[in-house]
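Worksheet: the structure to be examined is printed underneath.
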Amino acid sequence: MQAILAGIEGPWGLPLDVRILPQYLKERGYETHLVGKWHLGYYSKSFTPTFRGFDSFYGFYNGDEDYYSHDIPYESDACLDFWFNTDPVRSENGSYSTTLFTQRAQNVIRQRDRSKPLFLMVSYQAPHGTPDQDQLQAPQKNVDKFPYIEERNRTIFAGMVDALDESVGEIFQTLHEADMLDNIVILFSSDNGGVQWGPHGSRAFNWPLRGSKNTLWEGGTRVAAFVWSPLLAQNRTVSNQLMHITDWLPTLYSLAGGNVAELGELDGNNMWSHLSDGSSSPREELLYDITEMITYARAVRHSRYKLVVDGSGYFADRYRPPPGSAPYQALDNLLEKSMVASVLKRFYRKEDLELPKDWRERATINCRSSKENFYPNQSVYLFDIDADPCELNNIASSRPDVLQFMENRLDAYQASASLPLTKREHTSSAFRIRDGLCAPWHKAEEVAAPGASTPHHQTCRTQTLLFYTLTFWSFKSLFKLGIA
Numbered sequence: 001m002q003a004i005l006a007g008i009e010g011p012w013g014l015p016l017d018v019r020i021l022p023q024y025l026k027e028r029g030y031e032t033h034l035v036g037k038w039h040l041g042y043y044s045k046s047f048t049p050t051f052r053g054f055d056s057f058y059g060f061y062n063g064d065e066d067y068y069s070h071d072i073p074y075e076s077d078a079c080l081d082f083w084f085n086t087d088p089v090r091s092e093n094g095s096y097s098t099t100l101f102t103q104r105a106q107n108v109i110r111q112r113d114r115s116k117p118l119f120l121m122v123s124y125q126a127p128h129g130t131p132d133q134d135q136l137q138a139p140q141k142n143v144d145k146f147p148y149i150e151e152r153n154r155t156i157f158a159g160m161v162d163a164l165d166e167s168v169g170e171i172f173q174t175l176h177e178a179d180m181l182d183n184i185v186i187l188f189s190s191d192n193g194g195v196q197w198g199p200h201g202s203r204a205f206n207w208p209l210r211g212s213k214n215t216l217w218e219g220g221t222r223v224a225a226f227v228w229s230p231l232l233a234q235n236r237t238v239s240n241q242l243m244h245i246t247d248w249l250p251t252l253y254s255l256a257g258g259n260v261a262e263l264g265e266l267d268g269n270n271m272w273s274h275l276s277d278g279s280s281s282p283r284e285e286l287l288y289d290i291t292e293m294i295t296y297a298r299a300v301r302h303s304r305y306k307l308v309v310d311g312s313g314y315f316a317d318r319y320r321p322p323p324g325s326a327p328y329q330a331l332d333n334l335l336e337k338s339m340v341a342s343v344l345k346r347f348y349r350k351e352d353l354e355l356p357k358d359w360r361e362r363a364t365i366n367c368r369s370s371k372e373n374f375y376p377n378q379s380v381y382l383f384d385i386d387a388d389p390c391e392l393n394n395i396a397s398s399r400p401d402v403l404q405f406m407e408n409r410l411d412a413y414q415a416s417a418s419l420p421l422t423k424r425e426h427t428s429s430a431f432r433i434r435d436g437l438c439a440p441w442h443k444a445e446e447v448a449a450p451g452a453s454t455p456h457h458q459t460c461r462t463q464t465l466l467f468y469t470l471t472f473w474s475f476k477s478l479f480k481l482g483i484a
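Oh and the sequence shown: position 456 is 456 in full-length UniProt numbering, straight run, nothing missing.
Structural data, given as structure tokens:
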């Protein structure tokens with residue numbers, strides 16, 4: 001699935017012989033729940049979340065849903081894609097998806113089995129764009145907070161993110177009310193960079209990084225993430241070391257008390273020591289993609305160097321956001337007045353929170369020291385990402401030794417890569433809208449029981465299969481929150 005996700009008619013999905021995190025955690029005694037986006041295939045029920053290790057699912061199978069009606073456009077019609085486990089949810093037409101997902105997450109926390117540890121993954125729809133870039137959706141009360149942004153769609157995007165911010169705060173408060181913050185790990189991350197314009201464009205800019213979603217430039221692949229937990233050995237740290245989304249599975253499995261060595265060969269690394277005490281990341285190399293089917297690009301990172309092979313020119317520029325930013329200090333004001341800050345004051349029993357003065361500076365990407373040597377008509381690019389995170393200076397011609405090494409690494413991955421599972425969409429007799437639903441249609445199912453044992457070896461060597469979202473985790477509670 002590293003090439004293209006299954007569409008509404010896609011007769012395929014995440015292979016049933018690939019085990020994913022909730023299946024492993026159920027073996028460790030965890031209660032497991034998914035709220036929000038799935039998008040790993042649904043043509044047969046056996047491919048859907050409650051057959052893949054989740055005790056419950058509340059959300060949508062595909063992409064492109066309307067935030068209020070929860071319909072997906074299909075040809076000249078539309079179909080509902082909103083589910084509780086395997087039953088359609090028809091009663092929430094007109095309710096904003098971010099609000100619904102937050103309420104469901106809160107209910108899971110309040111109604112959990114207190115005799116079991118909890119894994120909760122919240123994969124929000126927001127702030128994903130819609131097929132029509134001029135149809136972004138956010139509650140008006142959130143949009144109205146940003147009159148200084150000098151562009152309509154960018155203002156709506158800000159409202160989408162603001163509603164998401166509020167929701168994270170509400171979930172955090174619910175965790176506090178449930179006395180769960182003493183023994184929890186909260187992870188927040190994203191699956192890709194923003195899309196500036198075009199189909200699914202949300203006016204999300206990745207400046208100063210190069211590129212967009214669906215590209216292998218840093219703007220499409222480098223995203224921010226954070227970990228919050230009282231279990232961290234060190235806190236208030238900023239890491240710029242390598243980590244890949246496949247690292248979450250062994251990291252969280254280890255936190256659950258599992259022996260990662262027993263999982264067999266994995267692409268991910270256990271990153272907990274690095275995240276907790278600041279020790280060096282065990283990851284030295286990562287493969288961005290090797291069988292990408294939009295631009296046919298390939299890319300690999302080893303230590304400080306990154307090789308990109310891409311002659312398409314597709315979204316290869318650096319896109320500056322439109323004017324209308326808030327004052328620099330506005331972020332600190334928002335942080336100090338947020339619901340999360342209010343909860344943390346109670347949790348730490350402090351009247352005021354002291355924000356690290358240099359936090360933002362340490363996390364800021366600086367491109368000013370790099371000379372510009374980039375031409376979009378080239379097809380081979382080599383960058384020193386540590387010195388040049390914005391991919392301005394192509395050093396392929398000046399470092400032939402490094403280029404040869406990186407090409408050899410890419411060739412090695414190519415030789416062992418599994419072919420994408422992408423199949424042609426059904427166009428004749430398979431998928432049909434029935435009862436107004438985008439529902440599983442393949443009846444001759446090979447149904448796998450929830451949490452069924454399957455081979456341990458993960459064959460996908462590119463994009464991660466499950467972690468399109470961010471994760472909140474704890475020994476007693478694992479909570480994952482994501483931006484779809």
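In this text, a Cβ means the ideal position worked out from N, Cα and C, and glycines have one as well. These numbers were taken from a predicted model, which means no experiment stands behind them.
Starting from the N-terminal side, write out each stretch of the alpha helix (DSSP H) that is 4 residues or longer and does not extend beyond the segment 346-411. 359-363
How would you label glycine 436, buried or exposed, when you count the other beta carbons within 10 angstroms and need 16 or more for buried? exposed
Just to confirm, is the Cβ distance from histidine 33 to phenylalanine 54 under 8 Å? yes
Over what stretch of residues does the beta strand (DSSP E) that includes lysine 37 continue unbroken? 31-37
Residue ranges of each alpha helix (DSSP H) within the segment 11-94, 4 or longer: 21-27
Own chain residues within Cβ distance below 7 Å of proline 139, not counting five before or after: Tyr96, Gly159 and Ala163
What's the C-alpha gap between valine 309 and glutamate 372? 18 Å
Whose CA, out of Leu25, Trp12 and Phe405, lies closest to the CA of leucine 252? Leu25
Let me check one thing: in DSSP terms, what residues is leucine 331 bridge-paired to? Per DSSP, none; premise fails for leucine 331.
Sub-8 Å separation of glycine 13 and glycine 41 beta-carbons: yes
Can you tell me whether isoleucine 290 is helix, strand or coil according to DSSP? coil
I want to know whether the segment 141-151 touches the segment 232-247 - three or more CB-CB distances under 8 Å. no
Counting C-beta neighbours from all protein chains within 10 Å, is the total for tyrosine 381 16 or more, i.e. buried, or is it exposed? buried
CB of arginine 154 within 8 Å of CB of proline 322, strictly: yes
Pick from Asn269, Phe205 and Leu181: whose alpha carbon is nearest that of leucine 231? Leu181
Does the distance from the C-beta atom of alanine 316 to that of proline 389 stay below 8 Å? no
Using the Cβ count rule (16 or more neighbours within 10 Å means buried), how would you classify phenylalanine 51? buried
Using the rule of at least 16 other Cβ atoms within 10 Å of the residue's Cβ for burial, across every protein chain shown, is glycine 264 buried or exposed? exposed
Give, in chain order, every unbroken run of the alpha helix (DSSP H) that is at least 4 residues long and sits entirely within the segment 248-320. 248-255 and 272-277
Consult DSSP for leucine 100 and reduce its assignment to one of helix, strand or coil. helix
How far does the beta strand (DSSP E) with valine 238 in it extend, from its first residue to its last? First-last for valine 238: undefined, no H or E at that position.
Taking 8 Å as the cut-off, does the segment 165-177 touch the segment 209-223 (at least 3 CB pairs, one atom from each stretch)? no
In the DSSP output, which residue or residues are listed as bridge partners for tryptophan 441? BP columns for tryptophan 441 are empty, so no partner.
Between threonine 44 and leucine 136, what straight-line distance do the alpha-carbon atoms span, to the nearest angstrom? Reading off the sequence, residue 44 comes out as serine, not threonine. Looking at the two C-alpha atoms, the distance is approximately 31 Å.
Below 8 Å on the Cβ atoms is my guess for glycine 169 versus serine 280; work out the distance and round it to an integer in Å. Rounded, the Cβ-Cβ distance is 34 Å, inconsistent with contact.
So, does the segment 63-80 touch the segment 14-21, judging by three or more C-beta pairs under 8 Å? no
Tyrosine 74 versus tyrosine 30 - alpha carbon distance: 38 Å
Per DSSP, which one or two residues make a beta bridge with phenylalanine 157? Paired residues: none, contrary to the question.
Are the beta-carbon atoms of valine 402 and tyrosine 314 separated by less than 8 Å? no
Under 6 Å Cβ to Cβ from alanine 363, same chain only, skipping five residues before and after it: list those, please. Val238
Roughly how many angstroms lie between the CA atoms of asparagine 183 and tryptophan 228, to the nearest whole one? 11 Å
In whole angstroms, give me the CA-to-CA distance for aspartate 64 and tryptophan 83. 15 Å
Per DSSP, what kind of secondary structure is tyrosine 148 in: helix, strand or coil? coil
Anyone know if the C-beta pair for proline 131 and valine 161 falls short of 8 Å? no
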